[in-house]
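Okay, structure first, notes after.
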Amino acid sequence: MKKRYISIIKTSIIISLFIIPLLVIYINSGYNLAYAAYVEGNCVAYYKDKEKVIDIYNKILDKNKDIKINEGIKFERIITKTSSLNNYDSIVSNIKASLDKEVDCLVLKIDEINLGILRDKDRCEDLFNLVKEHYIRVNDLNKEDIINTSINNNIYYIPYRAYESQIKTPEEIYKVIKELDSSKENPIMSVNIIGIKNDIEDIKEDTTIKSTDEYYMGEFKVQELGKEGKRRIEKQVNITNAKVISETMIKEEIIEAPKNKVILKGTKNPIGTTISFLERPSRGAITSNFGARWNNESHHGVDIAGNTGDPIGAALDGVVNKVGYDSIYGKYIKIDHGKGIETLYGHCSSISKGKGDTIKKGDVIGRVGSTGRSTGPHIHFELRLNGKAENPMTYMK
């Protein structure tokens, strides 16, 4: 036994003495010890670092989890020329080519648009979820508050055979959809979302008008500034893409009540003062003043030039107390402003308010015309106190 052991040692030493010089010769002459890597039976790389090739292979599989592997990756020890060793890019390309097989898959069609080739219906669902999540974010909703989501389009799954390299991931198709949507008026996919939305909203303050004899008609003063309030609301929303179709209030909580703005409105009679409380009914030039005329007639108002159809604005807040037609005034409208004060607007082509209507200063009450006794389109504007004509120019701004 001892002699046999010694014989084995001698043989190993002799072989080593023979091989080592050969290896030195190979290395010095441009040869290297390396590995030949095989994927699915195909040689994909000559490389010195076996672990590096395994790492490249695993990373490719991680990005293509649907690829079915039969043989996996195998290695063989070789001696090869340095010039025959593969670089990183060629190893990646060779592994992908070796894994590229023709497989059953499908073409996803939305309405009349082919979106691309996907592995199966599960991958289509992954794509739909990506699109739905996009619109959930766009509408500022939380995923946990979603009641239901659906795709409103016609969806077609067309059976197909393609190489692995032709099959797209859901993420790749999603990117294509976003790019197409950016150039289209209507999104490719119509996504309906029903969910719960929580918001904090402003509550507009109201305005309270208080009448007072401390100020003249046409004068206003802010007694108290208003302030918006806030409320927390919970509502169910029905949304298609980014358009709200309907909202249903579920509950409301007032965080801060609004404070009303209080305005004092003057009611003191300004006739006989220098207060300019009347708004001009029109911006046209005065063509005939108040008072005596060349023909000894008394003009009970002023004439303001205008074009037929120009708007006529109310000079002061009030209530319409008469609308009619007169051979002199033509079509006219009269407004009662309280305290015995009235204004009249004559020669109108049309009147847009009726008896009993509440009017605010500046409201359009009619249109300039030339009805009645008139030589051209204009407004005949009168101011009366208890039926007596007053010069409106004294009180117009």
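As numbered in full-length UniProt numbering, the sequence shown has no gaps in its residue numbers, which increase by one up to the final residue, 397. Each residue gets a CB set at the ideal place from its N, CA and C atoms; glycine is no exception.
Would you mind sorting Ile25 into buried or exposed? The rule is 16 or more other CB atoms within 10 Å of its CB.
Locating residue 25 in the sequence shown gives position 25, counting from the first residue. With a pLDDT of 47 at Ile25, under the threshold of 50, the modelled position of that residue is not reliable, and the figure given next carries that caveat. Within a 10 Å sphere around the beta-carbon of Ile25 sit fewer than 16 other beta-carbons, which makes this residue exposed.
As assigned by DSSP and simplified to three states, the class of Ile25:
Here residue 25 refers to the residue found at position 25 of the sequence shown. Confidence at Ile25 is low in this model, with a pLDDT of 47, below 50, so the placement of that residue should be treated as unreliable; the coordinate-derived value is given next. Annotated three-state conformation of Ile25 is helix, per DSSP.
Within the UniProt domain "G5" (188 to 269), note down every full beta strand (DSSP E) run reaching 3 residues or more, in order along the chain.
Runs of the beta strand (DSSP E) inside the UniProt domain "G5" (188 to 269): 191 to 203, 207 to 216, 220 to 224, 229 to 240, 243 to 256, 261 to 268.
Is the Cβ-Cβ distance between Thr82 and Asn129 less than 8 Å?
The sequence position of residue 82 within the sequence shown is 82, counting from 1. The sequence position of residue 129 within the sequence shown is 129, counting from 1. Not a contact, by the Cβ cut-off of 8 Å.
Distance between beta carbons of Ile333 and residue 398, contact taken as under 8 Å
Past the edges of the chain, shown from 1 to 397, lies residue 398, and the structure says nothing about it.
Could you give the residue range of the alpha helix (DSSP H) that holds Leu127?
As a working note, residue 127 is residue 127 in the sequence shown. Boundaries of the alpha helix (DSSP H) harbouring Leu127: 121 to 138, taken from the DSSP string.
Segment contact, 8 Å Cβ cut-off, at least three pairs: the segment 290 to 299 with the segment 333 to 346:
Segments in contact, no.
Applying the 10 Å Cβ sphere with the 16-neighbour rule, what's the burial state of Ser98?
Your numbering for residue 98 matches position 98 in the sequence shown. Classification for Ser98: buried.
Taking 8 Å as the cut-off, decide whether the C-beta atoms of Phe277 and Gly218 are in contact.
Along the sequence shown, read from residue 1 onward, the residue named residue 277 stands at position 277. Along the sequence shown, read from residue 1 onward, the residue named residue 218 stands at position 218. For Phe277 and Gly218, yes; Cβs fall inside 8 Å.
Please name the residue, chosen from Lys101, Val44, Thr80, Asn86, that lies closest to Lys74 on a Cα-to-Cα basis.
The sequence position of residue 74 within the sequence shown is 74, counting from 1. Answer by Cα proximity: Val44.
Exposed or buried, what is Gly330 when buried is set at 16 or more other beta-carbons lying within 10 Å of its beta-carbon?
Position 330 of the sequence shown, counted from the first residue, corresponds to residue 330. Burial call: buried.
Please check the pair Ile200 and Arg232, which I expect to be a contact at CB under 8 Å, by giving their CB distance rounded to whole angstroms.
By one-based count along the sequence shown, residue 200 stands at place 200. By one-based count along the sequence shown, residue 232 stands at place 232. About 5 Å separates the two Cβ atoms, so the contact holds.
Taking the straight line between their C-alpha atoms, what separation do you get for Pro187 and Asp104?
Indexing the sequence shown from 1 puts residue 187 at position 187. Indexing the sequence shown from 1 puts residue 104 at position 104. The alpha-carbon atoms of Pro187 and Asp104 are separated by roughly 29 Å.
With 16 as the cutoff for other CB atoms within 10 Å, does Lys121 come out buried or exposed?
Translated into the one-based positions of the sequence shown, residue 121 becomes position 121. When all chains shown are included, Lys121 counts as exposed.
Looking at the secondary structure, which residues open and close the beta strand (DSSP E) in which Asn148 lies?
For this step, residue 148 is matched to residue 148 along the sequence shown. From DSSP, the beta strand (DSSP E) with Asn148 extends over 146 to 151.
Among Ser349, Asp181, Val302, which residue has its Cα nearest to the Cα of Thr371?
As a first step, residue 371 must be located in the sequence shown, where it is residue number 371. Closest by alpha carbon: Ser349.
By Cβ distance below 6 Å, which residues in the same chain neighbour Thr258 in space, the five residues on each side in sequence not counted?
Position 258 of the sequence shown, counted from the first residue, corresponds to residue 258. With the sequence shown as reference, residue 258 is identified as Pro, and Thr is not the correct amino acid for it. Within the same chain, Pro258 has close Cβ partners Ile203, Glu205, Glu228, Gly229.
Cβ pair Asp213, Lys268 closer than 8 Å
Position 213 of the sequence shown holds residue 213. Position 268 of the sequence shown holds residue 268. Yes, these two residues count as a Cβ contact at 8 Å.
Between Gly356 and the ligand MN, is the CB less than 7 Å from at least one heavy atom?
Inclusion of the ligand MN in the displayed structure is not the case, the ligand content being empty and no account of it being possible.
Considering only the alpha carbon of each residue, which of Ser282, Pro377, Lys50 lies closest to Asp363?
The sequence position of residue 363 within the sequence shown is 363, counting from 1. Here the closest residue by C-alpha is Ser282.
Three-state secondary structure assigned by DSSP to Glu164:
To locate residue 164, count along the sequence shown from 1; it is residue 164. Correct three-state label for Glu164: helix.
I'd like to know whether the C-beta atoms of Asn198 and Glu234 end up nearer to each other than 8 Å.
The sequence position of residue 198 within the sequence shown is 198, counting from 1. The sequence position of residue 234 within the sequence shown is 234, counting from 1. Between Asn198 and Glu234, the gap from beta carbon to beta carbon is short of 8 Å.
Count the other C-beta atoms from every protein chain shown that fall within 10 angstroms of the C-beta of Glu382, then say buried if there are 16 or more, exposed otherwise.
Locating residue 382 in the sequence shown gives position 382, where the first residue counts as 1. Glu382 is buried by the Cβ-count criterion.
State the Cα-Cα distance for the pair Gly226 and Thr169, rounded to the nearest angstrom.
The residue you call residue 226 lines up with position 226 of the sequence shown. The residue you call residue 169 lines up with position 169 of the sequence shown. Using only the alpha carbons, I get a separation of about 57 Å.
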